[in-house]
Amino acid sequence: MKKKLFVFLLMTALLASSVYAGGSQEAGSESGEQFHIGIVTGTVSQSEDDLRGAERLIEEYGSVAEGGMIQHVTYPDNFMQEMETTMSQIVGLADDPMMKAIVVNQAIPGTTEAFRRVREKRPDILLIAGEAHEDPATIESAADLAINNDFVARGYLIIDTAKKLGVDTFVHISFPRHMSYETLARRRAIFEAAATDMGIKFVFETAPDPTSDVGVAGAQQFILEKVPAWIDKYGQNTAFFCTNDAHTEPLLKQLIEYGGYFVEADLPSPLMGYPGALGIDLSAEQGDFPAILKKVEATIKEKGGAGRFGTWAYSYGYTTTAGLGQHAMNVIKGESELLKMSDLQKAYAKFTPGAEWNGSFYTDAGTGVRADNHILIYQDTYIMGKGYMGTPDVEVPEKYFTVK
């Protein structure tokens, strides 16, 4: 009996040792030491998908507060007026001696300066910018890796998709702060050039900035009131595009009611504006993007919007937060190379099974110089009631890569 008890205890000890060793390896760097990863996102009200991506990482790897690997903090909604607070949130992560990487998504203004401050005190920390708002040369000077949606290719592809849907007018909605961003201004220029080449009328409409005194509520009310008039003015065969997340829900709500097209959001996702605009509860489908897309698409069809509304099957914001966190982890553990496109796509693919991606390294339109630490990516467009449009296989004419 004693012998059997000894064998049982020995096996239990060995099993526990094995589990512990496995856990250490999963949370360990290439040298075997344990580490933490900092994730910085906006709040639910400004960028819910980005935040949900952080929650996905915590679900798998645990929060630092509970002995896990992920430390998640959010920056203020009014980040332009509270830039010092934002920078303090980012830099504060470097106070953790176990911190080995910081991912900021979206990398709003102030991220570059925050990264420089982190670099001064902790040069060992990997710094990754997701959906950088600052000019490419600026963020490239401080980040080890910067990611943006492919604003160059998408400037052509969104217009190309609109043309295939039968659109004759394209309305671009934005405001001065966003148009001061090189990336957004360049995409707008490509939109206009592509629209002109394809015989589509291009229109620019200005809306309030949600970070201004009117706030999110005021900006959304403006969109609610303006869309019916825009439909009357430009017609039912008009596609609308807005550069701000907060504008998306009211825009979708009114397009469903009054007509018009919506190819995809600035940062596409079936969660970007659709749940609120459609009045549907997706709590039961949370985190299950195929189920989310299925429910959104079914509701769009019921409301007569089939063939007029699109998205990416998997949220760009969600995938970028989760994918970059996973990529940082893979790099620290020695399983991936930071600037290798296939390794980055491997991390993204973990969270987007079945979806096709494409992308390239950013090239400056003025100098023709290709950045080695700035990657542009995009996912296939999915139109409700039609399916995938095959955008990763569409060749973007070379001339659009020099439009600025």
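Taking mature numbering (1 follows the signal peptide of the UniProt record, and there is no 0), I'd label the letters of the sequence shown as residues -21 to -1, 1 to 383. We treat Cβ as the ideally placed atom computed from N, Cα and C, and that holds for glycine.
### Query
Looking at the structure shown, is residue 153 part of a helix, part of a strand, or coil, going by DSSP?
One-based indexing of the sequence shown puts residue 153 at position 174. Residue 153: strand per DSSP, three-state reduction.
### Query
Between which two residues does the alpha helix (DSSP H) containing residue 237 stretch?
Reading the sequence shown from its first residue, position 258 is the one you call residue 237. Where residue 237 is concerned, the enclosing alpha helix (DSSP H) stretches over 224 to 237.
### Message
I need the boundaries of the alpha helix (DSSP H) containing residue 27, first residue and last residue.
### Response
The residue given as residue 27 occupies position 48 in the sequence shown. Annotation for residue 27: the continuous alpha helix (DSSP H) segment containing it runs 23 to 40.
### Message
Between which two residues does the alpha helix (DSSP H) holding residue 272 run?
### Response
By one-based count along the sequence shown, residue 272 stands at place 293. Judged by DSSP secondary structure, residue 272 falls within the alpha helix (DSSP H) whose first and last residues are 268 to 281.
### Task
Below 8 Å on the Cβ atoms is my guess for residue 85 versus residue 47; work out the distance and round it to an integer in Å.
Along the sequence shown, one-based indexing puts residue 85 at 106. Along the sequence shown, one-based indexing puts residue 47 at 68. In this structure, residue 85 and residue 47 do not form a Cβ contact; the two beta carbons are roughly 24 Å apart against a cut-off of 8 Å.
### Message
At 3 residues or longer, what runs of the beta strand (DSSP E) sit wholly inside the segment 69 to 148?
### Response
Those beta strand (DSSP E) runs which fall completely within the segment 69 to 148 and span 3+ residues are 78 to 86, 105 to 111 and 124 to 128.
### Message
Does the contact criterion of 3 or more C-beta pairs under 8 Å hold for the segment 204 to 217 versus the segment 227 to 237?
### Response
These segments touch.
### Query
Cα separation between residue 184 and residue 311?
Position 205 of the sequence shown, counted from the start, is the residue given in the question as residue 184. Position 332 of the sequence shown, counted from the start, is the residue given in the question as residue 311. Per the coordinates, the alpha-carbon of residue 184 lies some 45 Å from the alpha-carbon of residue 311.
### Query
Where does residue 423 sit, in a helix, a strand or coil, going by DSSP?
Nothing about residue 423 can be read from this structure; the chain reaches only from -21 to 383.
#### Entry: Through-space distance from residue 92 to residue 64, alpha-carbon basis
Stepping through the sequence shown from its first residue, residue 64 is reached at position 85. Stepping through the sequence shown from its first residue, residue 92 is reached at position 113. Cα atoms of residue 64 and residue 92: separation of roughly 12 Å, rounded to the nearest angstrom.
#### Entry: residue -10, buried or exposed, once every other Cβ within 10 Å from all chains shown has been counted against 16
The residue you call residue -10 lines up with position 12 of the sequence shown. With a pLDDT of 38 at residue -10, under the threshold of 50, the modelled position of that residue is not reliable, and the figure given next carries that caveat. Exposed, by the Cβ-count rule.
### alpha helix (DSSP H) segment containing residue 285, residue limits
As a working mapping, residue 285 is identified with position 306 in the sequence shown. Residue 285 -> no alpha helix (DSSP H), and no H or E assigned at all.
### Query
Short check: CB of residue 51 to CB of residue 33, under 7 Å?
Your numbering for residue 51 matches position 72 in the sequence shown. Your numbering for residue 33 matches position 54 in the sequence shown. For residue 51 and residue 33, yes; Cβs fall inside 7 Å.
### Query
With a CB to CB cut of under 6 Å and the five nearest residues on each side skipped, what residues in its chain are close to residue 381?
Position 402 of the sequence shown, counting from 1, holds the residue named residue 381. Cβ within range, chain order: 344.
### Message
Taking the beta carbon of residue 74 as the centre, do at least 16 other beta carbons fall within 10 Å, making it buried, or is it exposed?
### Response
Locating residue 74 in the sequence shown gives position 95, counting from the first residue. Exposed.
### Query
What number of angstroms, rounded off, separates the C-alpha of residue 327 from the C-alpha of residue 282?
Locating residue 327 in the sequence shown gives position 348, counting from the first residue. Locating residue 282 in the sequence shown gives position 303, counting from the first residue. Distance from the CA atom of residue 327 to the CA atom of residue 282, rounded to whole angstroms, is 33 Å.
### Message
Between residue 266 and residue 35, how many whole angstroms is the CB-CB distance? I'm expecting something under 8 Å.
### Response
Against the sequence shown, residue 266 aligns to sequence position 287. Against the sequence shown, residue 35 aligns to sequence position 56. Right, their Cβ atoms sit about 7 Å apart.
#### Entry: Local Cβ density within 10 Å of residue 175, reported as buried at 16 or more and exposed below that
Indexing the sequence shown from 1 puts residue 175 at position 196. By the Cβ neighbour-count rule, residue 175 is exposed, with fewer than 16 other Cβ atoms within 10 Å of its own.
### Query
Who are residue 338's beta bridge partners in DSSP?
Start at 1 with the first residue of the sequence shown, and residue 338 comes out as number 359. DSSP output for residue 338 lists 356 as bridge partner(s).
#### Entry: For residue 51, the residue or residues it bridges with in DSSP
Counting from 1 along the sequence shown, the entry for residue 51 is found at position 72. DSSP output for residue 51 lists 18 as bridge partner(s).
#### Entry: residue 124 versus residue 319 - alpha carbon distance
Reading the sequence shown from its first residue, position 145 is the one you call residue 124. Reading the sequence shown from its first residue, position 340 is the one you call residue 319. Rounded to whole angstroms, residue 124 to residue 319 spans 11 Å at the Cα level.
### Message
DSSP three-state label for residue 182, please.
### Response
Taking the first residue of the sequence shown as 1, we reach residue 182 at position 203. DSSP places residue 182 in strand when its eight states are reduced to three.
### Reduced DSSP secondary structure (H/G/I, E/B, other) of residue 361
As a working mapping, residue 361 is identified with position 382 in the sequence shown. It is a strand residue.
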